[in-house]
Structure formats: C-alpha cells, structure tokens
Amino acid sequence: MSLYDVDVNTSGGQIKSMSDYKGHILLIVNTASKCGFTPQFEGLQELYEEYNGEDFYVLGFPCDQFMNQEFENQDEIMDFCQTNYGVTFPMFQKVDVKGENQSPLFEFLTEQKKGFLGGEIKWNFTKFLVDREGRVLRRYAPQATPQKIRNDIDQLIKGS
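Just remember that this note's numbering sits 327 ahead of the position in the sequence shown, which is counted from 1.
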C-alpha cells in the first residue's frame with residue numbers, strides 16, 4: 328500500500344484520493360481547535376502561503392481523541408480555523424488517528440514513521456513531512472513548531 332492508495336473525506340464530506348497530491352510535498356497534521364498547540368495554525372498557514380507556489384500543501388485532519396479538544400460539528404471546526412487563524416489550506420473531516428477506528432491515512436503514516444514512543448500518535452499536532460513520491464520522510468512531535476520545519480521544507484523544494 329502507498330499513500331496514494333488512500334482516500335480521505337474533505338471538510339465538505341466529498342471523497343478525495345490522496346493520489347490527487349502526487350508530485351507535491353505535503354505536511355500532514357492532526358489538528359485540534361482547543362489545544363495548547365492550536366496557535367500552530369498560524370505558522371502552518373504561513374508555511375502554506377509561503378510554499379504553495381512550490382507544489383507544497385499543508386493538510387489538516389481534525390481529531391478529538393485527546394481530551395476532547397475538538398468541536399463536535401465540522402462547520403464549527405472550519406469556522407474556528409478560518410476566523411481565528413485565517414486557515415486556507417485544505418482541512419478534512421475529523422478522523423481518529425489511533426486505535427480501533429484509526430483512519431487508513433494515519434495508519435499508513437504511523438507505520439512509515441514510528442515516532443519516539445512507537446507508532447501511536449500521542450497528541451494533537453503531530454506532523455508528517457511527505458516528499459513528492461509519497462514517501463514519509465519525517466515525523467515531528469507536537470512541540471515542533473512550523474518554524475522549526477521550514478528548513479526541511481526548503482531542502483525538499485530546492486532538492487527536487
């Protein structure tokens with residue numbers, strides 16, 4: 328299985344194939360609207376604006392598995408992200424990033440890059456950097472700010 332075999336649901340509920348992102352550099356993030364790391368939306372949006380012309384996307388996947396830090400309603404999630412942080416990068420339907428109902432996308436990502444404490448995602452704003460061929464290059468802990476990821480993105484863009 329590859330990243331491009333996975334389907335996800337857009338914020339509006341449409342099925343989207345990850346193969347639509349083939350040839351693009353991706354930063355895939357599990358997000359939450361009511362988390363201590365929520366201000367990272369601002370930095371994620373800055374990265375998206377800075378590199379979007381370089382075939383780069385930030386993809387946000389809301390998750391409510393960590394202390395119920397996400398809104399129930401998808402419209403509330405989108406309104407919060409757009410109103411408070413000006414988010415224009417693609418956001419998707421709320422997903423489970425671990426456990427019995429783990430989304431196929433996060434199952435793939437966590438199999439590719441295990442992380443410090445094994446494969447399971449431990450908190451909101453875990454980030455995965457994916458190259459143009461769909462390879463998961465790096466996994467970043469929630470504490471890693473978007474600014475700290477900028478150099479890795481620069482190297483990928485310049486190297487391709």
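Ideal Cβ placement from N, Cα and C applies to all residues, glycine included.
The structure presented is a predicted model; accordingly, all values stated were derived computationally and were not measured.
Less than 6 Å between C-beta atoms, sequence neighbours within five positions excluded: which residues of the same chain meet that for residue i?
i: leucine 276; result: Only positions 328 to 487 of the chain appear in this structure, which leaves residue 276 out of reach.
i: valine 424; result: Asn357, Cys390, Phe433, Ile448
i: cysteine 362; result: Gln396, Asn451
i: tyrosine 384; result: His351, Leu353
i: methionine 345; result: Leu330, Tyr331, Val333
So what's residue i in DSSP terms, helix, strand or just coil?
i: glycine 486; result: helix
i: glutamine 470; result: coil
i: glutamine 396; result: coil
i: aspartate 334; result: strand
i: glutamine 420; result: coil
i: arginine 477; result: helix
i: glycine 350; result: coil
How big is the Cα-Cα spacing for residue i and residue j?
i: lysine 421; j: asparagine 478; result: 29 Å
i: methionine 418; j: glycine 370; result: 15 Å
i: tyrosine 375; j: leucine 353; result: 10 Å
i: arginine 465; j: lysine 440; result: 7 Å
i: phenylalanine 435; j: leucine 386; result: 15 Å
i: phenylalanine 407; j: serine 360; result: 7 Å
i: phenylalanine 416; j: glutamate 427; result: 28 Å
i: arginine 462; j: glutamate 438; result: 12 Å
i: phenylalanine 483; j: tyrosine 348; result: The question names phenylalanine, but residue 483 in the sequence shown is leucine. Roughly 16 Å between the two C-alpha positions.
i: glutamate 373; j: tyrosine 412; result: 10 Å
i: glutamine 392; j: aspartate 382; result: 31 Å
i: glutamine 401; j: phenylalanine 368; result: 17 Å
What does DSSP give as the partner residues of residue i in its beta bridges?
i: isoleucine 355; result: Leu386, Phe455
i: arginine 462; result: DSSP output for arginine 462 lists no bridge partner at all.
Starting from residue i, trace the beta strand (DSSP E) in both directions and tell me its first and last residue.
i: isoleucine 342; result: 342–344
i: asparagine 379; result: From DSSP, asparagine 379 is part of no beta strand (DSSP E); its letter is neither H nor E.
What does a CB cutoff of less than 8 Å around residue i pick up in its chain, not counting 5 residues either side in sequence?
i: tyrosine 467; result: Thr453, Lys454, Phe455, Leu456, Lys475, Ile476
Output the boundary residues of the alpha helix (DSSP H) element that contains residue i.
i: threonine 437; result: 431–439
i: methionine 405; result: 401–412
Can you find the residues in the same chain that come closer than 7 Å, C-beta to C-beta, to residue i, ignoring five residues on each side of it along the sequence?
i: threonine 365; result: Ala359
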